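**Q** If you use my numbering, the sequence shown closes out at 384, no skipped numbers anywhere. For each residue, glycine too, the CB sits at the ideal point set by N, CA and C. Because the structure is a prediction, the values reported are computed rather than measured.
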Amino acid sequence: MARILTGIQSTNIPHLGNILGAIVPAIQQSKQANTESLFFIADLHSLTSIKDSELLKSSTNAVAATWLAFGLDVNKTIFYRQSRVPQVTELTWYLNCYTPYPMLANAHSFKDKSDRLSDVNAGLFTYPVLMAADILLYDAEIVPVGKDQLQHLEITADIAKAFNYKAGKEVFVIPKGSIDENVMIIPGTNGGKMSKSQNNFINLFLPEKELKKVVSSIVTDSTPLEEPKNPDTCNAFAIYKVIANSEQTSQMRQNYLNGGYGYGHVKNAIFELILEKYKNERTEYERLMTKPNELEDILKVGEAKAAEMANQKLLQVRSILGYN
Ligand code: ADP
Ligand code: TRP
61 MARILTGIQS
71 TNIPHLGNIL
81 GAIVPAIQQS
91 KQANTESLFF
101 IADLHSLTSI
111 KDSELLKSST
121 NAVAATWLAF
131 GLDVNKTIFY
141 RQSRVPQVTE
151 LTWYLNCYTP
161 YPMLANAHSF
171 KDKSDRLSDV
181 NAGLFTYPVL
191 MAADILLYDA
201 EIVPVGKDQL
211 QHLEITADIA
221 KAFNYKAGKE
231 VFVIPKGSID
241 ENVMIIPGTN
251 GGKMSKSQNN
261 FINLFLPEKE
271 LKKVVSSIVT
281 DSTPLEEPKN
291 PDTCNAFAIY
301 KVIANSEQTS
311 QMRQNYLNGG
321 YGYGHVKNAI
331 FELILEKYKN
341 ERTEYERLMT
351 KPNELEDILK
361 VGEAKAAEMA
371 NQKLLQVRSI
381 LGYN
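#1: Only counting the same chain, and skipping five residues up and downstream in sequence, which positions put a Cβ closer than 6 Å to that of residue 370?
#2: So which residues put a beta carbon under 5 Å from any heavy atom of the ligand ADP, going in chain order?
#3: Pull up the CB-CB distance for residue 302 and residue 80, whole angstroms please, since I reckon it's below 8 Å.
#4: Can you name, in chain order, every residue of its own chain whose Cβ lies under 8 Å from the Cβ of residue 84, other than the five neighbours on each side?
#5: Name the DSSP beta bridge partners of residue 69, please?
#6: Just verifying my parser: in three-state terms, what is the DSSP assignment at residue 182?
#7: Of the choices 243, 262, 244, 336, whose alpha-carbon is the least far from that of residue 250?
#8: Is any non-hydrogen atom of the ligand TRP found closer than 6 Å to the C-beta of residue 168, if you look at the structure I gave you?
#9: So the alpha helix (DSSP H) residue 215 belongs to, where does it begin and stop?
#10: When DSSP labels each residue in this structure, what does residue 252 get in the three-state scheme?
#11: By how many angstroms is the C-alpha of residue 380 removed from the C-alpha of residue 96?
#12: Which partner residues does residue 287 have in the DSSP bridge list?
#13: Per DSSP, what kind of secondary structure is residue 139 in: helix, strand or coil?
#14: Determine the burial state of residue 225: buried for a count of at least 16 other Cβ atoms within 10 Å of its Cβ, exposed for fewer.
#15: Residue 275 lies in the alpha helix (DSSP H); which residues open and close that run?
#16: When you measure from the CB of residue 149 to every non-hydrogen atom of the ligand TRP, does any distance come out below 6 Å?
#17: Comparing alpha-carbon positions, which option in 194, 158, 237 lies nearest residue 206?
#18: Pick out whichever of 124, 217, 210 has its Cα sitting closest to the Cα of residue 158.
#19: Using the beta-carbon count (16 or more within 10 Å), is residue 208 buried or exposed?
#20: How about residue 143 and residue 106: are their beta carbons less than 7 Å apart?
#21: Excluding sequence positions up to five away, which residues of its chain have a Cβ less than 7 Å from the Cβ of residue 140?
#22: Roughly how many angstroms lie between the CA atoms of residue 306 and residue 242, to the nearest whole one?
#23: Residue 377 lies in the alpha helix (DSSP H); which residues open and close that run?
#24: What residue from 227, 279, 338 has the CA that sits closest to residue 248's CA?
#25: Tell me the DSSP secondary structure of residue 207 in three-state form.
#26: Can you determine whether any heavy atom of the ligand TRP sits closer than 6 Å to the C-beta of residue 334, and answer yes or no?
#27: My output table needs one value for residue 410: the three-state DSSP class, helix, strand or coil.
#28: Count the other C-beta atoms from every protein chain shown that fall within 10 angstroms of the C-beta of residue 327, then say buried if there are 16 or more, exposed otherwise.
#29: Examine the ligand TRP and report whether any of its heavy atoms sits within less than 6 Å of the Cβ of residue 124.
#30: Once the 5 residues before and after residue 180 are set aside, which same chain residues still bring their CB inside 8 Å of it?
#31: Assuming residue 169 is part of the alpha helix (DSSP H), what are its boundary residues?
#32: Counting C-beta neighbours from all protein chains within 10 Å, is the total for residue 228 16 or more, i.e. buried, or is it exposed?
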């Protein structure tokens, strides 16, 4: 039985890139035989950037509702909020004391954020240690992440090895990152990688009118309607392709090559396809967002299971460190 674990921060409503690049593949992986999975909302990590309590809470609910609307099976997956299993913060402290300062100071993600952000807090600095605690607390073996998180997994493995070496036994499982090379980078409305920070994202859950507006903002060139167009250099086609099936994609390719089919038509096709393909997910998301108590009840079940596992691990760790 392989244990899979992954977390996603709650800094906003997940966009199409987060959903197709992280959430859907993780759910698919959790459905494979011989796996058990823990998926959580990394709402403690979110505090490094979000200081607005209402935004933090609504983003946490939005992330939970997205996972559930896209088919997370709570009978098969332990699904929880990181903050509701505060044992992770205790382990973070212990691991902090096993983490060499230069390893954190040299982390790409920290260097990048500290150059870019105005609020460079200590939480941002020790972010990878909290992430290591997330993983090591639950003996996770496989951790699906995006490429940008690989260094954090190397840090996790280094901390675990240092701890195990000092303890003289395998207290922590050394996790493996899992980067699915088949997962596409989802393009944003401006042609770059879809990302919150670039403000080029598509929120699938917007009401129709607003969704239409976002889809209309997809940047294209100015080839006139009548002329044939090149699908392979067109951003609207790239977005259509990640949502459509192969038959729809070939048809659209043909429309481009034939001419007489304008970018307005393409955008309309994207809009209609989103409504059709994600009809159930949109309805379920909207329903869950009006039922915070239902979300709370679902998450509490996962949190109780996660806490039980966390407590067991901490008993072992405390005893090794001399705290009982
Ligand atoms: P953002 O770039 O919008 O801030 P995050 O860095 O919080 O998104 O990413 C959360 C998860 O979603 C990660 O696993 C990341 O790899 C995935 N992800 C984000 N944007 C994309 C994208 N455009 N295409 C594919 N996956 C993405
Ligand atoms: N840092 C990850 C991200 O921003 C989120 C995360 C936190 C995570 N803890 C984790 C991912 C543990 C995997 C395992 O994408």
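**A** On the basis of the data shown:
#1: 145, 147, 197.
#2: Having a Cβ closer than 5 Å to some heavy atom of the ligand ADP are 77, 78, 81, 82, 206, 245, 246, 253, 254, 255, 256.
#3: So it is a contact: roughly 6 Å between Cβ atoms.
#4: So the qualifying residues of the chain are 130.
#5: For residue 69, DSSP records a beta bridge to 102.
#6: DSSP places residue 182 within a helical segment (H, G or I) once states are collapsed to three.
#7: Checking every option, the nearest Cα to that of residue 250 belongs to 262.
#8: No, the beta carbon of residue 168 sits no closer than 6 Å to any heavy atom of the ligand TRP.
#9: 210-227 is the span of the alpha helix (DSSP H), which, as asked, contains residue 215.
#10: Under the three-state reduction of DSSP output, residue 252 falls in the coil class, being neither helix nor strand.
#11: About 27 Å.
#12: In the DSSP assignment, no residue is bridged to residue 287.
#13: Residue 139: strand per DSSP, three-state reduction.
#14: By the neighbour-count rule (16 or more Cβ atoms within 10 Å), residue 225 is not buried but exposed.
#15: Start and end: 268-276.
#16: Checking every heavy atom of the ligand TRP against the Cβ of residue 149, none is found closer than 6 Å.
#17: For residue 206, the nearest C-alpha among the options comes from 237.
#18: Looking at the Cα atoms, 217 is the closest of the given residues.
#19: Counting every other CB atom within 10 Å of its CB across the protein chains shown gives residue 208 a total below 16, marking it as exposed.
#20: No, these two residues do not count as a Cβ contact at 7 Å.
#21: Close CB contacts of residue 140 within its chain, under the 7 Å cut and outside five residues either way in sequence, are with 100, 359, 362, 363, 366 (chain order).
#22: Near 16 Å, if we compare the C-alpha coordinates of residue 242 and residue 306.
#23: Per DSSP, residue 377 belongs to the alpha helix (DSSP H) from 352-381.
#24: Closest in alpha carbon position to residue 248, among 227, 279, 338, is 279.
#25: Helix, per DSSP.
#26: The closest heavy atom of the ligand TRP lies 6 Å or more from the beta carbon of residue 334.
#27: As shown, the chain starts at 61 and ends at 384. That puts residue 410 outside it, with no answer to give.
#28: The residue is buried, with at least 16 neighbouring Cβ atoms inside 10 Å.
#29: Residue 124 has its Cβ no nearer than 6 Å to any heavy atom of the ligand TRP.
#30: Non-local beta-carbon contacts of residue 180 in its own chain, meaning distances under 8 Å to residues more than five positions away in sequence, involve 173, 174 in chain order.
#31: Where residue 169 is concerned, the enclosing alpha helix (DSSP H) stretches over 168-176.
#32: So residue 228 ends up on the exposed side.
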